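In the numbering used here, the protein residues as written are 25 to 148. The beta-carbon is built from N, C-alpha and C at its ideal position, and this holds for glycine as well. In this text, all values refer to a predicted model and were calculated from it rather than measured experimentally.
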């Protein structure tokens with residue numbers, strides 16, 4: 025898998041969210057570590073991070089206004105993701121467009137919710 029690929033994953037555990045790989049890097053043990061963000065529904069509570077809003081049509085899975093949750097960047101190893109796909113706890117979805125990947129990466133640099141150290145994973 026590579027940046028722009030998407031999958032459904034239980035994060036948090038109670039329901040599946042669309043996860044998007046924003047970058048990958050090689051860890052010390054040669055098991056690549058993907059860095060993923062998740063998409064969740066925009067409910068207008070005032071607590072949402074509006075740095076990158078998504079709308080129906082941005083991806084086939086998105087059917088209502090949604091946003092990227094930058095504060096919960098998820099690192100996941102290639103082996104763990106592959107095993108999750110094999111056993112069905114993750115489901116591969118259509119990849120996002122390159123334009124949307126750029127929007128997500130740009131949004132990270134405007135988000136007040138993401139830690140400064142994590143912005144390195146969103147280089148254009």
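* From this set, 88, 83, 115, 137, which residue's C-alpha is nearest residue 122's C-alpha? -> For the purposes of this step, residue 122 is taken as the residue at position 98 of the chain shown. Comparing Cα-Cα distances from residue 122 to each of 88, 83, 115, 137, the minimum goes to 83.
* **Assigned secondary structure, residue 142 (DSSP; H/G/I helix, E/B strand, else coil)** => Along the chain shown, read from residue 1 onward, the residue named residue 142 stands at position 118. Of the three classes helix, strand and coil, the one that applies to residue 142 here is helix, per DSSP.
* Rounded to a whole number of angstroms, what is the C-alpha to C-alpha distance between residue 78 and residue 27? -> Position 54 of the chain shown, counted from the start, is the residue given in the question as residue 78. Position 3 of the chain shown, counted from the start, is the residue given in the question as residue 27. Approximately 18 Å, taken between the alpha carbons.
* Curious, which full-length beta strand (DSSP E) runs of at least 3 residues does the region 55–125 contain? -> 57–65, 90–101, 114–117
* Asked: Which of helix, strand or coil does DSSP assign to residue 30?
  -> Numbered from its first residue, the chain shown carries residue 30 at position 6. Looking at residue 30 - three-state DSSP - the assignment turns out to be strand.
* Decide yes or no for the touch test of the region 110–130 against the region 52–60: beta carbon pairs closer than 8 Å, at least 3 of them. => no
* Asked: From this set, 74, 39, 34, 99, which residue's C-alpha is nearest residue 47's C-alpha?
  -> Within the chain shown, the letter at position 23 stands for residue 47. Looking at the Cα atoms, 99 is the closest of the given residues.
* Cβ-based neighbour list, residue 134, same chain, cut-off 6 Å, excluding 5 preceding and 5 following -> In the chain shown, residue 134 corresponds to position 110, counting from 1. Only 75 meet the Cβ criterion.
* Could you tell me which residues DSSP puts in a beta bridge with residue 148? => Walking along the chain shown from the start, residue 148 turns up at place 124. In the DSSP output, where bridge partners are listed per residue, residue 148 has none listed.
* **Contact under 8 Å by Cβ, residue 143 with residue 132** => On the chain shown, position 119 is the one that residue 143 refers to. On the chain shown, position 108 is the one that residue 132 refers to. Contact flag set, yes.
* To do: Within the same chain, show all residues whose beta-carbon is closer than 7 Å to that of residue 145, passing over the 5 residues directly before and after it, in chain order.
  => Taking the chain shown and counting its residues from 1, the one referred to as residue 145 is at position 121. 46, 47, 59, 97.
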